[in-house]
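If you're matching them up, the sequences are chains A and B in order. According to the numbering used here, the stretch in the first sequence is residues 88 to 304, in order. According to the numbering used here, the stretch in the second sequence is residues 2 to 244, in order. Just so it is clear, CB atoms sit at the ideal spot from N, CA and C, and this is done for glycine as well. Since we're looking at a predicted model, the values are computed, not measured. Below is one structure, written out as C-alpha cells; the observations come after it.
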Amino acid sequence: MSEQPVIDLREAVAVLGGFPVLAGATLAVQLGEIVLLRGPNGAGKTSLLRLCAGLLPLARGSGQVLGLDLDGEIELIRPRVGLLGHRNGLYADLTVAENVRFWGTTVGASADEIDAAMDRLGVSGRLADVPVRRLSAGQKRRTALACLVARRAELWLLDEPHAGLDAAGRDELDGVLHQAVASGATVMLASHELERAGALAHRTVDIVNGTVVEDAA
Amino acid sequence: MSRFQVARLVAVKDLRVERRSKVVTNQILPFAGATMVMFAFALDSKGVSGVDEDGQRWTTDVLALVAPGLVWLATLFSLLILVGRAFAVESEDGALDALRVAGVDPAAIFWGKSAALAVQLFLLELVLVVAAVLLYNVDVPLGGVALLGVTLVAATFGLAFVGTLYGGLAAGFTGRESLLPLLVLPVVAPVLIGATRAVESALGTGGVALAEGWPWVGLLAVFAIAFGVGGALAFGPLIEEAT
C-alpha cells in the first residue's frame, strides 16, 4: 500500500442547498483498495462520492484526492476520476458504440482501448449499434461502465453500481473492478446490496449523518 | 486533445444527436413555418407606399415590408426551443455532470455546442427566408445576396453564443423552460435590431439603401465576437454554479 492515500479527507464539510450533507467526514483510502460505503438513505454516501469527484465543493475541513487538493485543484482531479452515479451520463439517441467512443475520445483513448472496453462489458457486437434509448436498464448500466473503463480512471467512484444488472452482469462488474484494481486503480462504491458489495470490498465504512464511522469489516 | 478537437467532438456529437432525434425536422421547422403563417394571418396584406431618400416612390405589401423582422422573430422563438433541447440532452441522464467529471474543457464544450447550434440555426434561417419569399412576396435582389448571407452568418453566431451561454446557466434550475426566454430575449435584442435592419437593406425593403446594411453587420460581428470570447470564459463558472 502507498503511504500517500488516494483519498484523504479530514473533517470535510460539504453543504448542499444550505444543508450540511457532509458534517466533518474523515476518511483515508489507500491505492488499490476497494472501499464500500454503507449507510441509510440520506446518510451522505452520494455526497461523499460527489465531493471526491470534485462535483461538490468543500465548505470546511481539508481533502486531497490523488494527492491533489479538493480546494483549488479540482480541474486536475476530475480527469483522473470516474464517477458512475444514479444516472448513467449517456446520450439516449446515440448508439452504444458512439457513446463509448465519445467518452473515451474525450480523454484521448485509442480505438483499440475503446473496443476493448466494450468487449469487457459485453456491449460490443450486435449491441454496439443499438441506440441507448432502446436498451434495458442493465444494458445501459453496462454501457456506462464501458465508458468508465474507456476513460481509464485512476479512482472509480460508483454509486449503486450493481443496480439494474442481472446475475451475469454483476459478476462481470465484479471482475471489471478487480481488474481495474489490479491495474492500479482504486475503487470506492456506495451500495445497499451489502452481501454482494461487501464480498467485493477490502473494507467497509459506515456513513452516519454525514460523518464517516470506520468499520473493521 | 486540443481545445479545437474537443469542440469539434462535442459539435459532431450534438449534431448526431439532433439528426437521430429528428426534433429539428419534425418539430422545430414546422413550428417556425407555422409561426410565419400565423404572422401572415395576423397582419394585413394591404399595400403601403412611401418615398425613399432619393425621392423615389415605392409601394409594397405590409407583409413584405415587415418580413425581415418577422424572419428574425421566428428565428428567436425557434432559438429558445433549440437551446432548451440542446441542454435537455445533457441533463436528462446526467451527461453534463459526466462532462465536468471527465474534465472536458468548458470553453471547448461552449464552442462545440455553439457550433452545433449555429449549424441548425443557419439551416432554419434559410428555410425562413424561403418561407418569407413564398408567403410574403419578398424579392431578394441579386445585389443584396452577399449582404444577406453575411448577415445570416454573423447573426447566427451571435444567437448561438448567447443561447449556449444562457442555456448552460439555466440548465441546472427548475423551471428552466420559462427562465430561458427571460434570460435570452433581452440580451439578443441588439441582434434582432441589427439583423432586421441589415436584411431590410439587403432586400431593399421600404427603399432602404444596400450600403446602410453593412454597419449593422459590423454590430452583429462585434456582438458575436464579444459573446464568443466572453461566453467561453464564463461558461465554466456558470455551469459549476448552475449544476
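Exercise for the section: State yes or no: is the C-beta of B:Leu143 within less than 7 Å of the C-beta of B:Val72? Expected result: no
Practice task
Can you pull the chain B residues whose beta carbon is under 7 Å from the beta carbon of A:Pro166, in chain order?
Solution key: Ala103, Gly104
Handout entry: Inter-residue Cα distance where the pair is B:Phe32 and B:Arg198
Key = 24 Å
Exercise for the section: Count the CB pairs spanning the stretch 209-228 of chain B and the stretch 146-159 of chain B that are closer than 8 Å, and state whether there are at least three. Expected result: yes
Exercise for the section: Could you tell me whether any Cβ in chain A is nearer than 7 Å to the Cβ of B:Ala35? Expected result: no
Exercise for the section: Whole angstroms is fine: what's the gap from B:Ile240's alpha carbon to B:Gly164's? Expected result: 14 Å
Problem - Runs of beta strand (DSSP E) lying entirely within the stretch 236-274 of chain A, each at least 3 residues, in chain order - result: 242-246
Practice task
Report all residues from its chain with a CB closer than 7 Å to the CB of A:Gly126; omit the five preceding and five following residues, and keep chain order.
Solution key: Lys132, Asp293, Ile294, Val295
Problem - Helix, strand or coil at A:Ser60 according to DSSP, with G and I counted as helix - result: No statement about residue 60 of chain A is possible, as the shown extent of chain A runs from 88 to 304 and does not include it.
Handout entry: Where A:Asp64 meets chain B, residues with beta-carbon distance less than 8 Å
Key = Here chain A covers residues 88 to 304 and nothing more, so residue 64 of chain A does not appear.
Handout entry: Selection of the stretch 14-25 of chain B by Cβ proximity to chain A, strictly under 7 Å
Key = Lys14, Arg17, Val18, Arg21, Ser22
Handout entry: Given B:Thr206 as reference, the closest of B:Gly48, B:Thr26, B:Val230, B:Arg9 once Cα atoms are compared
Key = B:Gly48
Exercise for the section: Give me the Cβ distance between A:Leu109 and A:Leu135, rounded to the nearest whole Å; I'm assuming they're in contact under 8 Å. Expected result: 6 Å
Problem - Within 9 Å of chain A by C-beta, residues of the stretch 121-155 of chain B in sequence order - result: none
Problem - CB contact flag (A:Val183, A:Leu214, <7 Å) - result: yes
Exercise for the section: Compare the beta carbon distance of B:Leu148 and B:Ala203 with 7 Å and say whether it is the shorter of the two. Expected result: yes
Exercise for the section: Please report how far the alpha carbon of A:Thr192 lies from the alpha carbon of B:Leu211, in whole angstroms. Expected result: 47 Å
Problem - Residue range of the beta strand (DSSP E) that includes A:Thr298 - result: 298-301
Handout entry: 7 Å CB neighbourhood of B:Leu30 in its chain, flanking five on each side removed
Key = Leu125, Val128
Practice task
Just mark B:Gly231 as buried or exposed, buried being the case when its beta carbon has 16 or more other beta carbons within 10 Å.
Solution key: exposed
Practice task
Leaving out five residues on either side along the sequence, give the residues of the same chain with a beta carbon under 7 Å from the beta carbon of A:Asn186.
Solution key: Leu177, Tyr178, Val219, Thr230, Cys234
Exercise for the section: Run through the stretch 6-88 of chain B for me and flag every whole beta strand (DSSP E) of 3 or more residues, listed as ranges in chain order. Expected result: 48-52, 58-62
Practice task
Check whether the Cβ of B:Leu180 lies closer than 7 Å to any Cβ atom in chain A.
Solution key: no
Problem - Secondary structure of A:Gly119, DSSP reduced to three states - result: coil
Handout entry: Stretch pair the stretch 237-249 of chain A + the stretch 270-288 of chain A: three plus CB contacts closer than 8 Å
Key = yes
Handout entry: Classification of A:Met88 by the beta-carbon crowding that lies within 10 angstroms, buried from 16 upward
Key = Because the pLDDT at A:Met88 is just 47, under 50, the model does not fix this residue reliably, and the value given afterwards should be weighed accordingly. Per the 10 Å Cβ criterion, exposed.
Exercise for the section: Would you kindly work out how many angstroms separate the C-alpha atoms of B:Met39 and B:Val52, rounded to a whole number? Expected result: 29 Å
Practice task
Answer with buried or exposed for A:Arg188, where buried requires no fewer than 16 other C-beta atoms within 10 angstroms of its C-beta.
Solution key: buried
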